[in-house]
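Peer 1: Under the UniProt record's numbering, residues 1 to 434 are what the sequence shown spells out, in order. From the three backbone atoms N, C-alpha and C, an ideal C-beta is built for every residue, glycine too.
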Amino acid sequence: MSKDFESRQWSQLDASDCGLLSPISPSRPKSPWGRFDPYDSQEDQDKEYVGFATLPNQVHRKSVKKGFDFTLMVAGESGLGKSTLVNSLFLTDLYKDRKLLNAEERITQTVEITKHTVDIEEKGVKLKLTIVDTPGFGDAVNNTECWKSVADYIDQQFEQYFRDESGLNRKNIQDNRVHCCLYFISPFGHGLRPLDVEFMKALHEKVNIVPVLAKADTLTPSEVKKKKLKIREEIEQYGIKIYQFPDCDSDEDEDFKQQDHELKESIPFAVIGSNTVVEAKGKRVRGRLYPWGIVEVENSAHCDFVKLRNMLVRTHMQDLKDVTRETHYENYRAQCIQSMTRMVVKERNRKYEMCFPFCLYSKLTRESGTDFPIPMVPGITDSETEKLIREKDEEVRHKIKRHMKTRSAIRHCFSRPWPLFHFLLMPPCLINQL
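#1: So which of Val396, Lys148 and Leu263 has the shortest CA-CA distance to Lys228?
#2: Enumerate, from N- to C-terminal direction, the unbroken beta strand (DSSP E) stretches of 3 or more residues contained entirely within the region 259-315.
#3: Nearest to Val271 by alpha carbon, out of Phe305, His116, Phe52 and Thr406?
#4: Which same chain residues, not among the five before or five after Arg193, have their C-beta less than 6 Å away from its C-beta?
#5: Please report the residue range of the beta strand (DSSP E) in which residue 458 lies.
#6: So, helix, strand or coil for Pro221, using DSSP?
#7: Please report the straight-line C-alpha distance between Val150 and Arg348, rounded to a whole angstrom.
#8: Taking the beta strand (DSSP E) that Tyr183 belongs to, which residues open and close that run?
#9: Straight-line CA distance for Cys303 to Gly81?
#10: Pick helix, strand or coil for Leu89, following the three-state DSSP scheme.
#11: Tell me where the alpha helix (DSSP H) around Glu198 begins and ends.
#12: Using 10 angstroms around the beta-carbon of Glu296, count the other beta-carbons present and answer buried if the total reaches 16, otherwise exposed.
#13: Examine the Cβ distances between the region 195-212 and the region 140-160 and report whether three or more of them are shorter than 8 Å.
#14: How many whole angstroms separate the CB atoms of Val132 and Asn208, which I take to be in contact at a CB cut-off of 8 Å?
#15: Under a Cβ-count criterion, where at least 16 other Cβ atoms within 10 Å of its own Cβ denotes burial, should Pro246 be classed as buried or exposed?
#16: Any idea what DSSP makes of Thr130, helix, strand or coil?
#17: Suppose contacts are defined by Cβ-Cβ distances below 8 Å. Is Ile231 in contact with Gly189 by that definition?
#18: Assuming Phe184 contacts Gly76 under a Cβ cut-off of 8 Å, what Cβ separation, rounded to an integer in Å, is found between them?
#19: Taking 6 Å as the limit between beta carbons, can you name the residues of its chain near residue 437, skipping five residues before and five after?
#20: Whether or not the region 48-65 and the region 160-169 are in contact is what I'm after, with contact meaning three or more pairs of Cβ atoms, one per stretch, closer than 8 Å; do they touch?
#21: Would a C-beta distance cut-off of 8 Å place Lys128 and Asp119 closer than the cut-off?
#22: Does DSSP put residue 435 in a helix, in a strand, or in coil?
#23: Measuring alpha carbon to alpha carbon, tell me which residue in Lys307, Thr341 and Gly67 is nearest Gln258.
#24: Quick check: Cys181 and Leu320, are their CB atoms within less than 8 Å of each other?
#25: Can you tell me whether Ser63 is buried or exposed? The criterion is at least 16 other CB atoms within 10 Å of its CB, across all chains shown.
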């Protein structure tokens with residue numbers, strides 16, 4: 001068979017018949033997997049292929065372009081390694097200009113809230129990380145209600161987000177809500193202290209609490225196990241609601257299920273933080289050098305640092321944000337809306353009482369009404385709405401004036417001796433006003 005005949009035969013064949021891959025349509029999004037695209041298959045050549053299977057690519061591209069944000073709060077008394085652990089988790093230095101206080105200054109210091117924001121980029125993915133620190137917590141002699149400033153800060157972020165969400169421009173809303181709170185528990189002592197219980201019970205309805213056993217290198221492995229068991233028992237005993245890991249789906253692989261089980265059994269995470277690099281067995285690792293050996297931060301046999309990092313960054317960061325949005329923030333939002341509704345009802349009842357002083361409805365409403373504290377909610381900023389309210393108020397005042405004039409005129413008329421038939425001819429609506 002000649003070469004010309006073969007070329008003519010191949011030219012008569014369609015590209016789809018010989019299985020050649022046609023070029024991707026310009027409207028089709030580029031795959032984030034590079035040259036290998038799992039959506040490239042024979043379905044592309046099928047006439048019944050619509051193309052909505054590329055929706056994950058579109059969402060991926062849009063999310064990466066927008067970037068992500070995450071707010072992490074660290075709480076606990078001074079000296080437990082909060083700053084060191086945060087720097088170790090995200091491989092950054094957030095506390096360059098920190099001033100260390102002496103013992104006398106710590107005792108007299110009040111609880112403050114400080115924020116550190118840093119933009120991190122890894123493989124094209126941008127993360128705006130905000131660390132909320134609570135210096136002075138638990139350092140005073142009298143620590144009564146020292147958690148209030150922390151709770152107020154969380155509520156303020158919810159309130160600000162609620163204001164932005166209820167405003168006119170909702171396109172670029174900055175999410176400063178606290179998504180996770182790492183609470184550091186002292187390794188010295190037996191289980192939880194009263195301050196630990198009070199703090200977690202006061203905030204477990206507002207934020208995802210992840211308990212952390214600090215400075216685990218001061219305990220032996222057997223002591224770590226006993227202390228973890230004791231803390232878990234006390235958390236259940238006092239009814240503290242810490243962050244609950246979501247259940248694995250039935251289609252998850254066994255490795256992921258095993259990893260999830262290990263994370264649940266590791267609560268509270270026994271962690272060690274270190275920013276120094278030491279040499280161990282010919283390798284340079286992050287850890288602490290002691291006369292009796294080296295403690296490696298990223299060694300799972302030494303501490304739970306790797307498990308905490310995997311949970312916080314690699315596997316459950318999005319779930320922490322989802323729980324914050326769907327549970328904690330929705331509870332706050334429902335309370336605000338309920339309070340606003342009660343305020344509107346009270347104002348409406350007040351106007352009813354002004355217009356109809358002898359109305360039975362207002363009397364029943366007064367007797368059945370309840371008073372309760374109303375949180376700060378966004379005020380009305382729409383000029384048209386304010387104008388409408390002013391017009392309605394003016395209309396109500398005019399009605400009240402007319403009503404009072406009618407009553408005074410009727411009373412004035414009946415102050416004179418009128419014939420009986422005049423009284424009988426009077427409409428019943430006027431007689432009721434007497």
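Peer 2: Put simply:
#1: Leu263
#2: 277-280, 283-290 and 293-296
#3: Phe305
#4: If the five residues before and after Arg193 are omitted, its C-beta is found closer than 6 Å to no C-beta atom of its own chain.
#5: Residue 458 is absent from the structure shown; the chain starts at 1 and stops at 434.
#6: It is helical.
#7: Cα-Cα distance, rounded: 36 Å.
#8: Cys180 to Ile185
#9: 14 Å
#10: helix
#11: Pro194 to Leu203
#12: buried
#13: Judged by Cβ distances under 8 Å, the region 195-212 makes contact with the region 140-160, as three or more pairs qualify.
#14: 13 Å between Cβ atoms; not a contact.
#15: exposed
#16: Correct three-state label for Thr130: strand.
#17: no
#18: 3 Å
#19: Here the chain has residues from 1 to 434 only, and residue 437 is not among them.
#20: By the Cβ rule, the region 160-169 does not count as touching the region 48-65, because fewer than three pairs are nearer than 8 Å.
#21: yes
#22: With the chain represented from 1 up to 434, any question about residue 435 goes unanswered, as that position is not in the structure.
#23: Lys307
#24: No, the pair does not count as a contact, with Cβ atoms beyond the cut-off.
#25: Taking a 10 Å sphere around the C-beta of Ser63, we find fewer than 16 other C-beta atoms and assign the residue as exposed.
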